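*Asks:* In the UniProt record's numbering, the protein residues as written are 1 to 112.
We treat Cβ as the ideally placed atom computed from N, Cα and C, and that holds for glycine.
Here the structure is a predicted model, which means the values were calculated and not measured.
Supplied in structure tokens, the structure appears directly below.
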Amino acid sequence: MNIFVGSLPFSIEEADLRESFEAYGPVDSVKIITDRFTGRSKGFGFVEMPNDEEAQKAIDELNGATVEGRTIVVNKSEPKPQGERKGGNRNFGRDNNRGGGGYRGGNNHSSY
1 MNIFVGSLPF SIEEADLRES FEAYGPVDSV KIITDRFTGR SKGFGFVEMP NDEEAQKAID
61 ELNGATVEGR TIVVNKSEPK PQGERKGGNR NFGRDNNRGG GGYRGGNNHS SY
């Protein structure tokens, strides 16, 4: 089962997260998501456990736990719905129905 772990302290490392989940059973993989530019943790990650019953027990017991002063969120990771693109809308708030932002100053000659 793939498990989402959110609200992680930025200082936690994958080995620490693995250790927390291994208390409930074997762990196939652990991945803390990092910012591609800074390399800093984004505060969430994923844990893969092969046994669904053990994974569910880890979810039930770790969801809401406090780690380094932060209350973490732990739940079953659901795959993205079909059609959602990674990166989302690249429009950055621009309205495609408007023209460009050309020069509109005209001949504004003011006297001093």
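Within 10 Å of its beta-carbon, does Gly69 have 16 or more other beta-carbons around it, so buried, or fewer, so exposed?
*Replies:* The residue labelled residue 69 in the question sits at position 69 within the sequence shown. Answer is exposed; the Cβ neighbour count stays below 16.
*Asks:* Among the residues of its own chain, which have a CB less than 7 Å from the CB of Asp28, if the five just before and after it don't count?
*Replies:* Mapped onto the sequence shown, residue 28 falls at position 28. Contacts found: Glu48, Met49 and Pro50.
*Asks:* Whole angstroms is fine: what's the gap from Phe92's alpha carbon to Ala55's?
*Replies:* As a first step, residue 92 is located in the sequence shown; it is residue number 92 there, counting from the start. As a first step, residue 55 is located in the sequence shown; it is residue number 55 there, counting from the start. Because Phe92 sits at a pLDDT of 48, beneath the cut-off of 50, its placement in the model cannot be relied upon, and the following sentence gives the value as read from the coordinates. Those two C-alpha atoms are separated by around 38 Å.
*Asks:* Leaving out the 5 sequence neighbours to the left and right, which residues in its chain are closer than 7 Å to Thr71 when beta-carbon positions are compared?
*Replies:* In the sequence shown, residue 71 corresponds to position 71, counting from 1. Around Thr71: Ser7 and Gly64.
*Asks:* Starting from Phe21 and walking both ways along the alpha helix (DSSP H), at which residues does that stretch end?
*Replies:* Along the sequence shown, one-based indexing puts residue 21 at 21. It spans Glu14 to Glu22 - the alpha helix (DSSP H) in which Phe21 sits, taken as one unbroken run.
*Asks:* Spatial neighbours of Ile3 within its chain, please: CB distance less than 8 Å, with the 5 preceding and 5 following residues excluded, ordered by chain position.
*Replies:* Numbered from 1 along the sequence shown, position 3 holds the residue referred to as residue 3. Closer than 8 Å at Cβ, skipping near neighbours: Phe21, Phe46, Val47, Glu48, Met49, Ala55, Ala58, Ile59, Val74, Asn75, Lys76 and Ser77.
*Asks:* Going by alpha carbons, who is nearest to Glu53 out of Gly25, Lys42 and Thr66?
*Replies:* Within the sequence shown, numbered from 1, the residue matching residue 53 stands at position 53. Ranking the options by Cα distance to Glu53, first place goes to Gly25.
*Asks:* What residue does the alpha helix (DSSP H) around Glu48 start on, and which one ends it?
*Replies:* Counting from 1 along the sequence shown, the entry for residue 48 is found at position 48. Glu48 -> not in any alpha helix (DSSP H); beta strand (DSSP E) instead, spanning Ser41 to Glu48.
*Asks:* Which residues in the same chain as Arg18 place their Cβ atom closer than 8 Å to its Cβ, once the five residues preceding and following it in sequence are excluded?
*Replies:* Reading the sequence shown from its first residue, position 18 is the one you call residue 18. Correct list, in chain order: Val27, Val30 and Val47.
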